[in-house]
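Enquirer: Last residue of the sequence shown: number 334 in the numbering used here, and the count goes up by one each step with no gaps.
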Amino acid sequence: MPATVALTLAEAATILDNPPMTVQEIRALIRVLGWQPDGKRYSGQVGHPPDTFDAGRIMRLHAWWAQRPG
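(1) Are V287 and L273 touching if we call contact CB-CB under 8 Å?
(2) By the DSSP assignment, the beta strand (DSSP E) with T272 in it spans what residues?
(3) Could you tell me the boundaries of the alpha helix (DSSP H) in which V287 lies?
(4) Kindly indicate which three-state DSSP category G320 falls into: helix, strand or coil?
(5) Please report the straight-line C-alpha distance between G303 and P333, rounded to a whole angstrom.
Here you go:
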């Protein structure tokens with residue numbers, strides 16, 4: 265079974281550039297598209313663990329977003 269890379273929205277926002285996307289922009293697009301998280305990032309800390317999403321899927325979303333007109 266091939267392994268996939270999972271990113272939190274904060275991690276995705278730090279690597280997406282040209283054009284950059286904020287966590288809020290990524291979250292809004294994911295919600296509009298109805299995507300469900302692929303998992304959670306457990307850190308051992310107290311609190312709600314952040315959702316993770318497939319990195320390839322986020323990169324394809326960014327590529328589509330970058331090509332939109334104006």
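Think of the CB as a built atom: it goes at the ideal place given N, C-alpha and C, for glycine as much as any other residue. These numbers come from a predicted model, not from an experiment.
Expert: On the basis of the coordinates in this document:
(1) Contact flag set, yes.
(2) Segment: none, T272 is in no beta strand (DSSP E) and carries neither H nor E.
(3) 287-297
(4) helix
(5) 32 Å
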